[in-house]
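There are 2 protein chains.
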Amino acid sequence: MEALEGTKRVIIENVKPELNCGQYPVKRVVGEELTVSADIFTDGHDEVKAVLLYRHSKKKKWEEVPMEFLGNDRWQGTFIPDAMGLYEYTLQGWIDHFYTWQKGLKKKFEANQDITVELQIGAQFLEAAAAEAKPGQQKRLRKWAEELKHATSFADAVELATGSDVTDQYNASAERKNVTTYSKILGVDVERQKALFSAWYEFFPRSAAQEAGRHGTFQDCERLLPRIAEMGFDTIYLPPIHPIGREFRKGKNNAVTAQPGEPGSPWAIGAAEGGHKSILPELGTVEDFRNFVQSARDHGIEIALDFAIQCAPDHPYVKEHPQWFKWRPDGTVQYAENPPKKYQDVLPVNFETEDWQNLWKELRSILLYWIDQGVHIFRVDNPHTKSFHFWEWVIKDVRRQHPQIIFLAEAFTRPRVMERLGKIGFTQSYTYFTWRTTPEEMREYVTELTKTDMREYYRPNFWPNTPDILPPHLTHGGEPAHIARVVMAATLSSNYGLYGPVYEFGLTEPMPGKEEYINSEKYEIHHWDWGRLTKIREVITKINRIRKVNPALQTTWNVAFGDADNPNILCYGKWDSNFENRMLVVINMDPHNTQSGWVRVPLDELKLNKGQQYLMHDLLSEHKYTWTDEWNYVELRPWEMPVHVFRIETVTAGLG
Amino acid sequence: MEALEGTKRVIIENVKPELNCGQYPVKRVVGEELTVSADIFTDGHDEVKAVLLYRHSKKKKWEEVPMEFLGNDRWQGTFIPDAMGLYEYTLQGWIDHFYTWQKGLKKKFEANQDITVELQIGAQFLEAAAAEAKPGQQKRLRKWAEELKHATSFADAVELATGSDVTDQYNASAERKNVTTYSKILGVDVERQKALFSAWYEFFPRSAAQEAGRHGTFQDCERLLPRIAEMGFDTIYLPPIHPIGREFRKGKNNAVTAQPGEPGSPWAIGAAEGGHKSILPELGTVEDFRNFVQSARDHGIEIALDFAIQCAPDHPYVKEHPQWFKWRPDGTVQYAENPPKKYQDVLPVNFETEDWQNLWKELRSILLYWIDQGVHIFRVDNPHTKSFHFWEWVIKDVRRQHPQIIFLAEAFTRPRVMERLGKIGFTQSYTYFTWRTTPEEMREYVTELTKTDMREYYRPNFWPNTPDILPPHLTHGGEPAHIARVVMAATLSSNYGLYGPVYEFGLTEPMPGKEEYINSEKYEIHHWDWGRLTKIREVITKINRIRKVNPALQTTWNVAFGDADNPNILCYGKWDSNFENRMLVVINMDPHNTQSGWVRVPLDELKLNKGQQYLMHDLLSEHKYTWTDEWNYVELRPWEMPVHVFRIETVTAGLG
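Respectively, the protein sequence lines represent chains A and B.
Heads up: the first sequence begins at 91 in the numbering used here, then just goes up one per residue.
Heads up: the second sequence begins at 91 in the numbering used here, then just goes up one per residue.
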């Protein structure tokens, strides 16, 4: 019976956000606000007050924010975390008897009732507060109590008793009693701002050489930095840079057997030279790598490494830790397969091994090794085929020491699995963006990502292509599709990326019957004419610059879709937290035909008034248009420019 | 690191139902099924299996039900509790490596691959199972293992390995490994069937006398039992039967001062003769009361008492336990008020008293006292003005010893408060039914009650009127409105009730400007002509009989609304769990005009085929109609009969 704290009458429930009953923290970046809401109420008709409490988990003291009453027993409060790491939050509510008394007093006075006894009750409140007040404040409270007790004018007494002096002093002095504290302490994982705003460029370092016929090196990669920086990317993601297995090495176009001299897939990690902590000798030394990382940093670019937990048959782990693999009765290790498909060059690790603790520690040591070499971002290959518990542990453990580390989950699989990876700690996640090809599909998907619980734990990273994925709309849609898709990725999601060279050079030939690039760099070295200028590259460069100067595009969550009377046209607004920067993006998703029609600007969400004129400044074309009110006309010619990226620049008086 | 149980790879989350993270049990009655669903999945492509575990909390052993895969990583299982009390349930999931192997084997065989090594792996599975099997079963498993190892025909071996003999024996013998058990044990509060199916008749015992001018007694009440049983009610609810306070007693029509001889409000509980454990002497003795309870039971009727935690100023508690009340500076106890309104004849109890533990125990003793007198149902007056924690404790505590006790919450207040009372243990709850006056409002409200989480913890009890509530549609709608509302209450909700005499006799005069009865029985004794027959009474009698023989009407949750092309018409289907009993109710909610139109039968939910004819038997009028397919015509004349209560009786071959 004691445990029930019988005199506490306030209930706090249905707290949002709260993931899996508080098992997982929600996600924010430094400076990004968290709004917490809850049902907070009591029995009867007494007045309730509530506060939101929060603190960095390394601090003892809770900060307190008053919560606002929204109606229907719902309350809400907001705070902005200002450092990386885990924050905690919880809620408190209590009955404010003094405020209840003040409201009743006013009503009775207004109904011309005798309030003599009420004023004596008020004096009791003030005297009780005085007894709990600091010495300097007791006198005022006692003076007011006397004034209420001996009031000659009810009107004056009510004015005094309900005024801000008395209210503020009472609240500052009186102890809150019977305070209900929410039963859970919830978490917010606060990451650096790059977790929410990043532009990724992927290329194979072995194809980085300026001249044909030579294996690229990290020094070649360094020479590419100015062009990638000039294009506006802030993150370079490299496929695995480790020694490549020789046993069962794959040849060109995924041939089962490699010809002599063929380089193999970088994802078949490990050979006699070493495993996950080694570098393929042809790329250079660890010194070369560190120089490249430093040089990239000088260009404002971070290097993201691939973390693929799998081994070529000749990876040293297979001999050193045979217990980490599944052995077959014929004395071989079970390779990866999806029956009847076989991937003989890749051995998965067995997460059900009894030696799992040593396995986990070794895998963590790989991350820590590369963190030591200056790597702060990992793109994790197929995390959905490794144990969830392992990821939960390793991400938490690594980020405890190194809160700046970013993990991108490359999982293309079922929704619940993708969501779970976000919940257990991945900073960013690949998405289904690549396969959403109509305006309706895109609206629905982005709404799911941004307006449901997913917003709390799943940070999308939109990729129009990858070395594994050449979607049919790129193959058939050519340059206009490439432009539309990259602008959509870069403006719908504040995190986006490209498998770069093929995209900027507009390569679109697939493996026959597949949605993959032919002659894939996964199995061979390419030579790129890195100096080549293309219209696609120009648009990429522009859109990256536009992102950098328009805060509306630096978050994913502020998006509102407009309508269009043409089903080929997608239209959405974005805005910054002060509504000083407002954008409207309009896309023709049909790469073959001019599409025109009327689009509805989401005026409400953009906080624009109805019936006004405003100036639409297309930051890609530099054209300007005068628009009026909600519905306006657009016409997009795909071979000219399939998109408008408008900044709503000048608004007439009365707007805003 | 150990706590993570590193080799378990299956995740269980998003379990439904689960109230407040498992803090509160969901509700069922004996024999009512509970379907539990969850997201259950693993990393990679291995095959998952899952079971639902349940047990009565007094038993140690868990029962196990296999869960069914619904697609998209969602699983579901069902069990039916067969005793009152608290049940527990949880979930388990694991990877079925043997089944994974069987599926892979089949695919490889079908793709003409060499499966020699696969068969050896299968033999290993069977040998491992043999080592864990009971002695009598080891031989078969080892024999099969040998057959796989030395298979001469791949086809025969695959057939053997994937056949049901091997599968069943393997599953019976092999220990499940790395089983994930859901992190919580969830609860189901299982009540007796009356919790879900009941018909209540409310009357004031002091008005029970057959002859005018006399105070009714329990003996008079006994004489009413045959007529109430004949009308088909199974529960009689009596307003408080305790001594009524004399201080500040209210007069006729809530007059501030009572005239000599006026009886006062039964809710002003307590006087010199006694308090909550005493009986108003005019009603009779406790012996009389016990006789009445027993006699009612003989008629198949239970007596529900009012439990109102409040005291008249002369209630003995005020002197005996002054610490349970709020005292004012003028030496009086704070009476109930909602400023500027005052209720001087009723003193609320102060749940913030430091002596709360003794208060709680005393209040519990009131319930236990009446349980000792044979009362198993309590209608709780205004529970929303008493501490939630108290209700949670007292209901749990009383029901632990007396699981048959039913508590009905009479809370007409804000949604979150009403919902909370359901969550913390009230068996049934009054609702907003009384104020839903259009078909659209009714559809929306009943959908909220039956198709959201509320279904798990909030059992509605629909009342067309109460002594406090005479809604305007009854005042203005007369007999047709009374008939339509009682049929709706009795068929939409399997629990319903009436403030009886005024309803069956069709009294509709309000207090001027209020939605209350004039000359309310709350403040005076009425004399009723108990022998009088009315059309309303006849419909009540019929609808109660219809409810008793049609299981479709004995649950609230199975309801599906049809459409109507006339906005005055409401149409809904109901069905039993076997789809052997199907009902369709059609209501004209306009009491003044004949309304006609086409209604859509919810064929899918009723599991009726499209394009068929069926016989609609109106159980109220005994008319029959032949209907065809989905849309059919109705015409309802309010002064004749504003409702159809159809049983769908004869269906042509091919239906069902």
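From the three backbone atoms N, C-alpha and C, an ideal C-beta is built for every residue, glycine too.
Being a predicted model, the structure only gives us computed values, none of them experimental.
By the criterion of Cβ-Cβ separation under 7 Å, what are the contact partners of residue i in chain B?
i: E77/A; result: With chain A covering only 91 through 746, there is no way to say anything about residue 77/A.
i: Q210/A; result: P419
Can you find the residues in the same chain that come closer than 7 Å, C-beta to C-beta, to residue i, ignoring five residues on each side of it along the sequence?
i: G701/B; result: D719
i: Q685/A; result: N656, N658, I659, N678 and L726
i: I205/B; result: L195, K198, F199 and F244
i: F338/B; result: P403, Q434 and D435
i: G744/A; result: Since pLDDT at G744/A reaches only 49, below the 50 mark, its modelled position is unreliable, and the value read off the structure follows with that caveat. Around G744/A: N699 and Q702.
i: P600/A; result: L560, T565, E606, Y607 and I608
i: S584/B; result: L286, F287, L643, Q644, T645 and T646
i: Q463/B; result: V376, F379, R380 and V383
Do residue j and residue i come within 8 Å of each other at the CB atom, strictly closer than that value?
i: E594/B; j: I636/B; result: no
i: Q192/B; j: R230/B; result: no
i: I748/A; j: I331/A; result: With chain A represented from 91 up to 746, any question about residue 748/A goes unanswered, as that position is not in the structure.
i: G212/B; j: A251/B; result: yes
i: F502/B; j: V470/B; result: no
i: D420/B; j: F308/B; result: no
i: G568/B; j: G596/B; result: yes
i: R418/B; j: V207/A; result: yes
i: L582/B; j: V649/B; result: yes
i: S127/A; j: W165/A; result: yes
Below 9 Å on C-beta distance, what does residue i contact in chain A?
i: H240/B; result: None at all; the shortest Cβ gap to chain A is about 13 Å.
i: T97/B; result: F441, E442, T443, E444, W446, S477 and H479
i: N268/B; result: E442
Select from the options the residue whose C-alpha is nearest the C-alpha of residue i.
i: M174/A; options: A285/A, N648/A and N162/A; result: A285/A
i: V733/B; options: Y662/B, D246/B, F169/B and A348/B; result: Y662/B
i: C111/A; options: Y272/A, K224/A and P171/A; result: Y272/A
i: A361/B; options: I399/B, V408/B, F397/B and G277/B; result: V408/B
i: Y715/A; options: V484/A, V735/A, T521/A and E531/A; result: V735/A
i: E372/A; options: L209/A, I615/A, A345/A and A654/A; result: I615/A
i: A319/A; options: A302/A, A289/A and P333/A; result: A289/A
i: E352/B; options: G364/B, I359/B, I334/B and E363/B; result: I334/B
i: I485/B; options: I461/B, R506/B and P505/B; result: I461/B
i: D186/A; options: V141/A, Q203/A, Y177/A and L209/A; result: V141/A
i: E95/B; options: K149/B, V269/B, P728/B and V248/B; result: V269/B
Examine the ligand SAM and report whether any of its heavy atoms sits within less than 7 Å of the Cβ of residue i.
i: Y272/A; result: Among the components modelled here there is no ligand, and therefore nothing to report on the ligand SAM.
For a contact meaning CB atoms closer than 8 Å, what does residue i contact in chain A?
i: H474/B; result: D133 and G134
i: N428/B; result: H135
i: A201/B; result: P429 and P430
i: Q214/B; result: P419
Going along chain B, which residues have a C-beta under 9 Å from residue i?
i: N162/A; result: R504, P505 and R506
Given that residue i touches chain B, what residues does it touch there, using C-beta distances under 8 Å?
i: Q182/A; result: By Cβ distance, chain B contributes nothing, its closest Cβ being about 16 Å from Q182/A, past 8 Å.
Leaving aside the five residues before and after residue i along the sequence, list all residues of the same chain whose C-beta is less than 6 Å from its C-beta, in chain order.
i: P329/A; result: F294, P356 and D396
i: G512/A; result: S519, Y547 and Y548
i: D163/A; result: D129 and F131
i: G306/A; result: P295, R296, S297, A298 and A299
Go through its chain and collect everything with a Cβ distance to residue i's Cβ below 8 Å, but skip five positions before and after it.
i: I456/A; result: H366, K367 and F397
i: E509/A; result: M544, Y547 and Y548
Any beta carbon of chain E sitting closer than 8 Å to that of residue i?
i: W357/A; result: Of the chains in the structure shown, none is chain E; the protein chains are A and B.
_What are the residues in the region 127–148 of chain A lying within 7 Å of chain B by C-beta distance?_
Those would be D129, F131, D133, G134 and H135, in chain order.
*Interface positions of the region 222–256 of chain B facing chain A (Cβ-Cβ less than 8 Å), listed along the chain*: So the list is empty, because no residue satisfies the distance condition.
_Chain-ordered residues of the region 492–513 of chain A with a beta carbon less than 8 Å from chain B_ = Listed in sequence order: R504, P505, R506, V507 and R510.
*Of all the residues that make up the region 170–196 of chain A, which are near chain B by a beta-carbon distance shorter than 7 Å?*
If the cut-off is 7 Å between Cβ atoms, the region 170–196 of chain A has G194 near chain B.
*Cβ-based contacts, 7 Å cut-off: residues of the region 627–642 of chain B near chain A*: Taking a C-beta cut-off of 7 Å against chain A, none of the residues of the region 627–642 of chain B qualify.
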